[in-house]
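Worksheet for the structure shown next.
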Amino acid sequence: MVERAVGMVTGASRGIGRAIALELAALGYDIVVNRVQDEAPAVKGQVEALGVRCLFVQGDIAVAADRARLVEATRQAFGRCDMLVNNAGVAPLQRMDILESTEAGYDRVMETNLKGPYFLTQLVANWMIEQKQQHPRRACRIVNIGSISAYTSSPSRGEYCVSKAGVRMMTRLYADRLGEYGIGVYEVCPGIIETDMTSAVKGKYDKLIADGLTPVRRWGRPEDVARAVGAIADGRFDFSTGMVLDVDGGFHLHRL
Numbered sequence: 223m224v225e226r227a228v229g230m231v232t233g234a235s236r237g238i239g240r241a242i243a244l245e246l247a248a249l250g251y252d253i254v255v256n257r258v259q260d261e262a263p264a265v266k267g268q269v270e271a272l273g274v275r276c277l278f279v280q281g282d283i284a285v286a287a288d289r290a291r292l293v294e295a296t297r298q299a300f301g302r303c304d305m306l307v308n309n310a311g312v313a314p315l316q317r318m319d320i321l322e323s324t325e326a327g328y329d330r331v332m333e334t335n336l337k338g339p340y341f342l343t344q345l346v347a348n349w350m351i352e353q354k355q356q357h358p359r360r361a362c363r364i365v366n367i368g369s370i371s372a373y374t375s376s377p378s379r380g381e382y383c384v385s386k387a388g389v390r391m392m393t394r395l396y397a398d399r400l401g402e403y404g405i406g407v408y409e410v411c412p413g414i415i416e417t418d419m420t421s422a423v424k425g426k427y428d429k430l431i432a433d434g435l436t437p438v439r440r441w442g443r444p445e446d447v448a449r450a451v452g453a454i455a456d457g458r459f460d461f462s463t464g465m466v467l468d469v470d471g472g473f474h475l476h477r478l
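Under this note's numbering, think of the first position of the sequence shown as 223, with each following residue one higher.
Following this line, the structure appears as structure tokens:
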């Protein structure tokens with residue numbers, strides 16, 4: 223059996239995560255896909271149709287036992303993990319003014335968007351260090367999917383903004399700590415991307431984009447984000463650890 227590099231993608235059943243799983247598969251990675259629901263997502267078959275293996279592991283990355291099970295299942299199935307993509311994330315169940323938001327809503331978002339990736343990365347990073355010690359030439363990389371919300375104020379969804387700001391610093395911290403081992407850590411920062419998460423505000427952003435919110439006047443697509451992750455997975459940014467790769471049609475330019 224051919225031994226391929228292995229990519230683990232959380233929240234891979236739809237949208238950006240699905241596109242990333244397919245991009246990595248097209249690059250020749252075997253794929254581990256994860257989501258909360260029990261049934262295997264359609265993307266598993268789509269990945270396998272590209273000629274690589276795909277393991278589905280159900281689990282909630284906000285739960286420590288599920289994170290450990292995801293890593294152990296990957297270890298048992300493949301014996302390696304070359305690429306971790308922390309993609310899973312949730313939006314607030316209800317947009318609420320920051321003066322009225324609840325601790326329960328805050329905790330739900332932070333546990334999935336920040337605590338889960340933080341400690342999943344810890345598990346995988348320690349395993350990657352082991353791999354690098356045994357196989358010094360093996361390329362190991364970690365990508366966190368961030369958001370323009372990391373630096374854009376949105377007081378009706380403050381908990382989401384705070385979670386993504388945390389992901390940005392988490393990326394820097396792990397990039398700093400893992401650099402000595404040759405493990406690259408990156409943030410890919412999507413802008414306004416057409417997914418289930420943004421479907422409820424489509425009309426609002428259709429108008430904003432048409433009026434010039436972004437220099438590139440179209441919605442971003444999951445495939446735009448996936449191609450950025452693919453470039454990292456392909457080794458094109460191995461000397462750029464800690465980098466933020468903006469995939470936002472120029473939103474970040476702060477134009478006058």
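Each residue gets a CB set at the ideal place from its N, CA and C atoms; glycine is no exception.
Whole-angstrom distance between residue j and residue i, CA atom to CA atom
| i | j | result |
| --- | --- | --- |
| R394 | L400 | 10 Å |
| H357 | G472 | 39 Å |
| E371 | G311 | The amino acid occupying residue 371 in the given sequence is Ser; Glu does not appear at that position. About 13 Å. |
| R439 | M419 | 20 Å |
| T463 | H474 | 20 Å |
| R297 | K424 | 40 Å |
| R458 | R257 | 28 Å |
| D468 | I367 | 10 Å |
| A284 | A313 | 14 Å |
| E352 | E294 | 14 Å |
Buried versus exposed call for residue i [16 or more other C-beta atoms within 10 Å across all chains shown]
| i | result |
| --- | --- |
| S369 | buried |
| S375 | exposed |
| K386 | buried |
| R240 | buried |
| S323 | buried |
| L478 | exposed |
Within 7 Å, strictly: CB atoms of residue i and residue j
| i | j | result |
| --- | --- | --- |
| E245 | G452 | yes |
| V279 | L292 | yes |
| V274 | A247 | yes |
| G388 | I414 | no |
| G237 | P444 | yes |
| V365 | I454 | yes |
N- and C-terminal bounds of the beta strand (DSSP E) containing residue i
| i | result |
| --- | --- |
| Y408 | 405-412 |
| G229 | 228-232 |
C-beta neighbour in chain B for residue i, strict 7 Å
| i | result |
| --- | --- |
| V269 | The chain inventory of the structure shown lacks chain B, comprising one protein chain alone. |
Enclosing alpha helix (DSSP H) for residue i [first to last residue]
| i | result |
| --- | --- |
| V348 | The question names Val, but residue 348 in the sequence shown is Asn. First-last of the alpha helix (DSSP H) with N348: 338-356. |
The region 243-252 / the region 429-440 touching (three or more Cβ pairs under 8 Å): no
Pairs of beta-carbons, one from the region 409-422 and one from the region 223-231, closer than 8 Å: are there three or more? no
At least three beta-carbon pairs within less than 8 Å, the region 306-326 to the region 377-386: yes
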